[in-house]
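Following: one structure in structure tokens, then a few remarks.
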Amino acid sequence: MTAEIKLGLCNPPEPIYLYVNQGEVDGESFVWYKFNISQDKKIPVPQRALTGYLSELRLTTKEFKGKDNLKLDIVISADELYVVRTGIETNFAKSFLLAASLVQDFSKPLIIVANAGDENTVFCNLYDAATKTKIYREWSRDLDWATIISDIQSLLGATSNSIPEPPLTPPKLSVVPQPVPDFSRYLLD
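Written out as structure tokens, the structure is:
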């Protein structure tokens with residue numbers, strides 16, 4: 000499958016990082032945001048849902064206030080490449096992992112919804128994008144999160160070939176030489 004290449008102004012082909020946190024900026028409530036590093040500023044994302052293909056799940060260590068913090072990166076292929084980054088111990092991460100552990104076919108698009116809870120808490124709901132059916136797994140204290148992550152990663156590795164990817168090489172453009180027009184008759188003496 001060849002993706003149509005849109006010409007003109009665009010964003011660089013880098014992932015868009017969405018961070019999970021409930022808050023308010025300039026009177027605007029949000030449950031996830033983008034972060035502008037150069038301005039040290041949170042940019043609220045008004046949409047609460049992201050639809051796309053879960054393409055990767057990875058654990059990333061980031062330093063915060065002099066300590067290493069383990070983050071869950073949920074990589075989503077959609078109109079752009081998105082990385083939803085959240086703490087591994089957060090309610091968002093755990094509710095996402097619970098629901099994603101029930102998905103058997105990651106070649107189909109999913110809808111990830113961020114829902115505000117009490118105070119600073121954000122939960123995740125996961126839906127089948129085609130049927131709009133909520134994917135839900137009951138919470139249990141005896142869950143092995145490492146196994147859940149590993150199982151999801153294994154399924155993603157098995158289905159990664161079926162997720163449409165953009166071509167690695169740009170399309171060849173043919174250039175047809177055109178004669179240079181003679182503008183001398185328009186020149187004033």
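In terms of numbering that gives the first Met the number 0, the sequence shown is residues 0 to 188. Where a beta carbon is used, it is the ideal one built from N, C-alpha and C, also for glycine. Just so you know, these numbers come straight off a predicted model, no measurement behind them.
Is the beta carbon of residue i less than 8 Å from the beta carbon of residue j?
i: K205; j: T85; result: Outside the displayed range of the chain (0 to 188) lies residue 205, so it cannot be described from this structure.
i: T50; j: A129; result: no
i: A48; j: V102; result: no
i: S76; j: S94; result: no
Closer than 6 Å by C-beta to residue i: which residues in its own chain qualify, once you throw out the five before and the five after it? Chain order, please.
i: I87; result: L69, L71
i: L80; result: P14
i: L97; result: R136
i: V83; result: L17, I73
i: E23; result: none
Rounded to the nearest angstrom, what separates residue i and residue j at their Cα positions?
i: L142; j: D104; result: 22 Å
i: S100; j: C123; result: 13 Å
i: F63; j: L155; result: 29 Å
i: E27; j: W144; result: 34 Å
i: K133; j: T59; result: 28 Å
i: K107; j: P12; result: 23 Å
Excluding the 5 residues preceding and the 5 following residue i in the sequence, name in chain order all residues of the same chain whose CB lies nearer than 7 Å to its CB.
i: K33; result: I15, Y16, L17, I42, V44
i: A115; result: Q21, V30, V121
For residue i, which of helix, strand or coil comes out of DSSP?
i: A113; result: strand
i: G86; result: strand
i: G156; result: helix
i: F105; result: coil
i: D143; result: coil
i: S94; result: helix
Leaving out the 5 sequence neighbours to the left and right, which residues in its chain are closer than 8 Å to residue i when beta-carbon positions are compared?
i: L56; result: L71, D72, I73, V74, A99, I148, I151, Q152, L155
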